[in-house]
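Residue numbers (my numbering): -11 to 381. Just so it is clear, CB atoms sit at the ideal spot from N, CA and C, and this is done for glycine as well. Every value quoted in this text rests on a predicted model; they were computed, and no experiment measured them.
1) Please name the residue in 65, 149, 284 whose C-alpha comes closest to that of residue 223.
2) What do you get for residue 202, buried or exposed, if any count of 16 or more other CB atoms within 10 angstroms of its CB means buried?
3) I need the DSSP call for residue 241, collapsed to helix, strand or coil.
4) Once you ignore the five residues that flank residue 97 on each side, which residues in its own chain have a CB closer than 6 Å to its CB?
5) Could you tell me whether the segment 127 to 137 touches the segment 47 to 67, using the rule of 3 or more Cβ pairs below 8 Å?
6) Considering only residues of the segment 34 to 113, which uninterrupted beta strand (DSSP E) runs meet the minimum length of 3 residues and lie entirely inside it, listed in chain order?
7) Pick helix, strand or coil for residue 340, following the three-state DSSP scheme.
8) Would you call the CB atoms of residue 331 and residue 47 closer than 9 Å?
9) Can you name the start and end residues of the alpha helix (DSSP H) that residue -9 belongs to?
10) Classify residue 112: buried if its beta carbon has 16 or more other beta carbons within 10 angstroms, exposed otherwise.
11) For residue -3 and residue -10, what's the separation of their Cα atoms in angstroms?
12) By Cβ distance, which residues of its chain are closer than 7 Å to residue 291, with the 5 residues on each side in sequence left out?
13) Measure the beta-carbon distance from residue 103 to residue 39 and round it to whole angstroms, keeping in mind my assumption that it falls under 8 Å.
14) Taking a contact to mean a Cβ-Cβ separation below 9 Å, would you say residue 1 touches residue 336 in this structure?
15) Can you list the alpha helix (DSSP H) stretches of 4 or more residues lying completely in the segment 132 to 188, in chain order?
16) Rounding to the nearest angstrom, what Cα-Cα distance links residue 158 and residue 240 in this structure?
17) What residue range is occupied by the uninterrupted beta strand (DSSP E) comprising residue 294?
18) Nearest-angstrom Cα distance between residue 52 and residue 84?
19) Please confirm whether residue 183 and residue 221 have their CB atoms less than 9 Å apart.
20) Spatial neighbours of residue 41 within its chain, please: C-beta separation below 7 Å, excluding the five flanking residues on both sides.
21) Look at the Cβ atom of residue 383, then the Cβ atom of residue -6, and state whether they are nearer than 9 Å.
22) My output table needs one value for residue 230: the three-state DSSP class, helix, strand or coil.
23) Which two residues bound the contiguous alpha helix (DSSP H) that contains residue 222?
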């Protein structure tokens, strides 16, 4: 009787990591480089929005990067939204050649409010054909607008560029994040595009048609407004297209204190969206036989790699400990090893696509310390409910 009970517990422990790792394994298999669409024949007019709060030290670099975009100069404009700034962000952006919209509203802070403000002004301009959002600490590939225009010409309403790390060699932590980003944005993005489901939104390097924003207003101010908007679009039957050949690379906090706040904000926002949207997406996916909704729910319910690694470790240790007591334990030990192999293949595929070289692989030795640090960050900073700016290096 005890052996049966323990075996049932092991099976229950195996369900979540098995489904999540199988999902990642499928996306890894499908992560071949997708074919690029033909160059667009129509010259769209873009508004490139850069929300910025006290980014005076970095905004000129971002505007300079945007100036390298290979798109007719009269067919796009760079707009920096200086949102509740107390530094020289607006002046630096103007000097760099951007159009600046200043916004002052101390009661309504954060990127979500800044984007609502910018989108409203863009929608009032009938000449704008597409809106792109770039974070204020980012570098873009010159083909960004051309790649977006090619997708819009094929019928896309929302697009997302490959989101990478601009400073991967700043510390062991940034190298590890660069590896995770390549798996999350590269491997998963390619796999999801191969399945013709939604790639989701990352907040940086995303683009929309004005018609989409009119029909589905961006009225979100959560800690993960991009993730939430992607879920809302999925419920409306709209998928976000992954744009593999265009990149947006952003700085990642290298210091432990700044990285902790940044990581906690992401995780707290993500779990808010999981609690609010996972079940509605599953219900609608089942009722309407919608692959987009089902996949979005699966993505939301797949833990981040560090947490998934903890779930796997729990299963593996439980299987080892119960070897003398449960007939199923030896099979579960073997099963956990197979799951580890699939998860490792996913990470290594991300490393391959990251292009960061062999040195990056050495940071895998820091994974246990990173997991412990991440758990401590989440415990110490639990309860975050409002946006806080990430400290810059």
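Result, derived from the coordinates:
1) Against the chain shown, residue 223 aligns to sequence position 235. The shortest Cα separation from residue 223 among 65, 149, 284 belongs to 284.
2) Locating residue 202 in the chain shown gives position 214, counting from the first residue. It is exposed - the Cβ of residue 202 has fewer than 16 other Cβ atoms within 10 Å.
3) Numbered from its first residue, the chain shown carries residue 241 at position 253. Three-state DSSP puts residue 241 in coil, outside helix and strand.
4) Residue 97 sits at position 109 when you count from the first residue of the chain shown. Here the set comprises 72.
5) yes
6) 34 to 40, 64 to 71, 87 to 91
7) Along the chain shown, one-based indexing puts residue 340 at 352. Three-state result, residue 340: helix.
8) Numbered from its first residue, the chain shown carries residue 331 at position 343. Numbered from its first residue, the chain shown carries residue 47 at position 59. Cβ atoms of residue 331 and residue 47: not closer than 9 Å.
9) Here residue -9 refers to the residue found at position 3 of the chain shown. From DSSP, the alpha helix (DSSP H) with residue -9 extends over -10 to 17.
10) Indexing the chain shown from 1 puts residue 112 at position 124. Residue 112 comes out exposed.
11) By one-based count along the chain shown, residue -3 stands at place 9. By one-based count along the chain shown, residue -10 stands at place 2. Rounded to the nearest angstrom, the two C-alpha atoms are 11 Å apart.
12) Walking along the chain shown from the start, residue 291 turns up at place 303. Same-chain partners within the cutoff: 8, 299.
13) Here residue 103 refers to the residue found at position 115 of the chain shown. Here residue 39 refers to the residue found at position 51 of the chain shown. Right, the Cβ-Cβ distance comes to about 6 Å (below 8 Å), so this counts as a contact.
14) Counted from its first residue, the chain shown places residue 1 at position 13. Counted from its first residue, the chain shown places residue 336 at position 348. Cβ atoms of residue 1 and residue 336: not closer than 9 Å.
15) 132 to 141, 160 to 169, 176 to 182
16) Along the chain shown, read from residue 1 onward, the residue named residue 158 stands at position 170. Along the chain shown, read from residue 1 onward, the residue named residue 240 stands at position 252. Those two C-alpha atoms are separated by around 9 Å.
17) Your numbering for residue 294 matches position 306 in the chain shown. No beta strand (DSSP E) holds residue 294; the alpha helix (DSSP H) holding it covers 293 to 309.
18) In the chain shown, counting from the first residue as 1, residue 52 sits at position 64. In the chain shown, counting from the first residue as 1, residue 84 sits at position 96. Near 7 Å, if we compare the C-alpha coordinates of residue 84 and residue 52.
19) Taking the chain shown and counting its residues from 1, the one referred to as residue 183 is at position 195. Taking the chain shown and counting its residues from 1, the one referred to as residue 221 is at position 233. The answer is no: Cβ separation not under 9 Å.
20) Stepping through the chain shown from its first residue, residue 41 is reached at position 53. Hits under 7 Å: 71, 72, 73, 377.
21) Because residue 383 is not part of the residues shown, which for the chain are -11 to 381, the question remains open.
22) Walking along the chain shown from the start, residue 230 turns up at place 242. Residue 230: strand per DSSP, three-state reduction.
23) Residue numbering aside, residue 222 sits at position 234 when the chain shown is read from its first letter. Counting along the chain, the alpha helix (DSSP H) containing residue 222 begins and ends at 213 to 223.
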